[in-house]
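Beneath this line is the structure, given in structure tokens, with notes to follow.
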Amino acid sequence: MITTGPEISTAPVVVLGGGIAGLTAARELLRNGLDVVLYEAGPSVGGMADSHHDPEGFTFDTGAHFITNRLATATGVYEQCRAVESYGETVWLGGRSYDYPAGLLRVPRFVRAAIAERTHPRHGSATSAADRFRREFGTALADEIALPLLEAWSGAPATELAPAVADKIPSGIAQTVGLKLAARLTHRAVAVGYCQEAPQSANVWHVYPERGISAVCESLAADVADSIRLRSPVEAITVSDGRAVGVRVAGREVPAAAVISTAPINVLPKIVEGTDALERFRAFRFRPMVFVNLRLQGRDLLPHTMTWTPEAQLPFFRLTETPQAMPWLAPEGKTLITADIGAEIGDEHWSMDDGELGERCIDALVEIVPSARRDYLGCRVVRAPSAYPVFHLDYELDRQRLATSTGVDRLLSIGRNGEFAHILMEDVYWRTVRRARRLARELKSGAPVSV
Ligand SMILES: Cc1cc2nc3c(=O)[nH]c(=O)nc-3n(C[C@H](O)[C@H](O)[C@H](O)COP(=O)(O)OP(=O)(O)OC[C@H]3O[C@@H](n4cnc5c(N)ncnc54)[C@H](O)[C@@H]3O)c2cc1C
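In my numbering, the protein residues as written are 7 to 457.
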């Protein structure tokens with residue numbers, strides 16, 4: 007049995023998970039002179055940041071499609087990266103595409119409704135995501151574009167989602183337009199709305215590692231190789247007197263100075279023993295996604311790299327043609343379009359045969375790419391059970407409390423699913439570095455761990 011040790015423990019810090027958050031935490035703690043063991047349930051590191059290479063010569067990723075030159079430098083992969091050639095987003099609505107954001111700003115009904123919100127502001131603060139989006143964008147743009155996308159993506163009515171969902175859209179229109187202009191002038195895919203932890207500027211642009219996004223975690227893993235234990239799911243986290251003191255792996259108790267989890271937050275109540283402080287996180291929901299990677303003859307088939315499709319008759323809500331921005335991801339003369347479909351585990355799309363899913367997407371895609379049926383070469387499907395955190399109003403207060411603490415001393419929950427936050431890899435990286443440094447300081451001083 008594990009007992010609470012002295013204030014300054016000689017046991018290692020245990021990290022649970024070998025995605026970018028776990029690996030970054032491990033590296034930062036080692037750099038700060040602490041002993042670390044990282045347990046990864048799967049056979050390799052990477053988590054959601056993994057890449058697939060198919061025999062036909064196409065490369066596609068599960069989650070992350072782009073990183074920045076700044077993250078590539080921090081994780082040691084910049085030399086392996088190529089600059090993303092161009093990047094743009096459009097919205098497909100009423101049979102035509104609108105550039106984001108400039109094209110939407112030219113639609114009179116969107117502009118009129120947005121001005122009406124500014125000239126007659128509503129009283130009080132927003133009560134739901136639907137309310138906040140209508141206030142910020144005007145009812146026309148919110149009801150026709152933002153809210154249908156939000157509902158497809160989260161699987162819940164926008165009136166039941168917290169206003170904080172809109173925090174995911176960090177930059178104002180003016181800053182977005184400025185950065186897009188900088189992209190044109192510098193011929194670089196300047197990152198817009200990608201990272202909230204570090205400033206946006208014309209000097210931060212998208213890059214992509216030659217061998218795929220998985221290179222990022224492989225590079226971090228090389229720095230902490232001696233600390234990593236693969237195929238080692240953490241079965242339990244032991245809490246004694248309100249403090250995390252160890253874990254159980256393969257039936258063996260391992261003492262820990264602190265435990266850092268990157269598992270989805272709603273998993274923690276199931277594996278934490280010795281307290282019910284985490285029970286409130288059991289209700290938190292993640293939205294599963296089905297990604298249908300369609301192989302096609304041709305190139306530059308979509309209006310831009312990414313096309314948002316808010317209309318309900320389409321099975322997907324987003325299409326991404328990564329070879330427009332990164333031509334090397336598909337053989338010459340061919341392309342790859344990834345269709346994102348929001349799902350629930352076991353529902354029609356989740357359970358559908360891969361071939362049938364491809365056919366359904368192609369049937370819908372012909373509205374945007376008329377030659378899609380003729381040029382279709384087959385598909386590969388990736389299913390992600392915990393793709394997006396759903397900010398439901400039912401547990402909004404608990405979500406806000408999680409931002410400061412799990413409620414258990416020396417138990418940190420970090421990373422995208424651990425923090426239950428809509429964050430991309432660069433935010434995960436900088437937030438983790440900051441929290442790991444603070445943990446190291448507190449462990450060395452014996453103070454209670456507050457992050
Ligand atoms: C659709 C989509 C698109 C995205 N696009 C981008 C993008 O373009 N750019 C970008 O930067 N980011 C993007 N992201 C976000 C990015 O993928 C994530 O922020 C990042 O990969 C999260 O890393 P993580 O370490 O927090 O979690 P994960 O990668 O989920 O890692 C958690 C790890 O913990 C392990 N684990 C779980 N339970 C246990 C256990 N009990 N014991 C041991 N190990 C365990 C898992 O096996 C996993 O390896 C996207 C995400 C999604 C879903």
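C-beta atoms are modelled at their ideal positions from N, C-alpha and C, and glycine is treated no differently.
- Give a yes or no on whether the minimum CB-CB distance between Tyr401 and chain D is below 8 Å. Structure shown: chain D not included; a single protein chain is present.
- Message: Taking the beta carbon of Ile351 as the centre, do at least 16 other beta carbons fall within 10 Å, making it buried, or is it exposed?
- Response: So Ile351 ends up on the exposed side.
- Message: Less than 7 Å separating the Cβ of Met431 from some heavy atom of ligand 1?
- Response: yes
- Touch check for the region 392-404 and the region 288-297: three-plus C-beta pairs under 8 Å? yes
- How many Å lie between Trp314 and Gly184 at the Cα? 22 Å
- Task: Measure the C-alpha to C-alpha separation of Pro12 and Val245 and round it to an integer number of angstroms.
- Result: Its pLDDT being 43, under 50, Pro12 is placed unreliably in this model, and the coordinates cannot settle the point.
- Considering only C-alpha positions, which residue in the set Gln303, Arg324, Arg305, Arg301 is nearest to Met312? Arg324
- Under three-state DSSP, which class holds His59? strand
- Task: Mind reading off the beta-carbon distance from Pro329 to Leu320? Whole number of angstroms is fine, and I expect it under 8 Å.
- Result: No, Pro329 and Leu320 are not in contact; Cβ-Cβ is about 21 Å, not under 8 Å.
- Inter-residue spacing [alpha-carbon to alpha-carbon] between Ser357 and Val388: 12 Å
- Query: Buried or exposed: where does Thr281 fall if 16 or more other Cβ atoms within 10 Å of its Cβ makes it buried?
  - Reply: buried
- Task: Report yes or no: do three or more beta-carbon pairs, one from the region 409-428 and one from the region 20-39, lie closer than 8 Å?
- Result: Result yes; three or more Cβ-Cβ pairs closer than 8 Å.
- Message: Cutting at 6 Å between CB atoms, please list the residues of its own chain near Gly218, excluding the five before and the five after it.
- Response: Ser57, Thr65
- Item | Paired residues, beta bridge with Phe143 - DSSP | Looking at the DSSP assignment, Phe143 forms no beta bridge with any residue, so it has no partner.
- Task: Express the C-alpha separation of Arg190 and Gly94 in angstroms, rounding to a whole number.
- Result: 11 Å
- Item | For Phe292: DSSP bridge partner residues | Pro395
- Task: State the start and end residues of the unbroken beta strand (DSSP E) segment that holds His212.
- Result: 212-215
- Message: Tell me whether Ala122, by its Cβ, gets closer than 7 Å to a heavy atom of ligand 3.
- Response: In the structure on display, ligand 3 does not appear, and the ligands it does have are ligand 1.
- Message: What I want to know is whether the C-beta of Pro239 ends up closer than 7 Å to one or more non-hydrogen atoms of ligand 1.
- Response: yes
- Could you tell me whether any non-hydrogen atom of ligand 1 is closer than 7 Å to the CB of Glu34? No, the Cβ of Glu34 stays beyond 7 Å of every heavy atom of ligand 1.
- Using only the heavy atoms of ligand 1, determine whether one of them is closer than 7 Å to the beta carbon of Ala146. no
- Query: Within 10 angstroms of its Cβ, does Glu362 collect 16 or more other Cβ (buried), or is it exposed?
  - Reply: In summary, Glu362 is exposed, with fewer than 16 beta-carbon neighbours lying within 10 Å of its beta-carbon over all protein chains present.
- Message: If contact is defined by three or more beta carbon pairs under 8 Å, each pair taking one atom from either stretch, is the region 40-54 in contact with the region 156-169?
- Response: no
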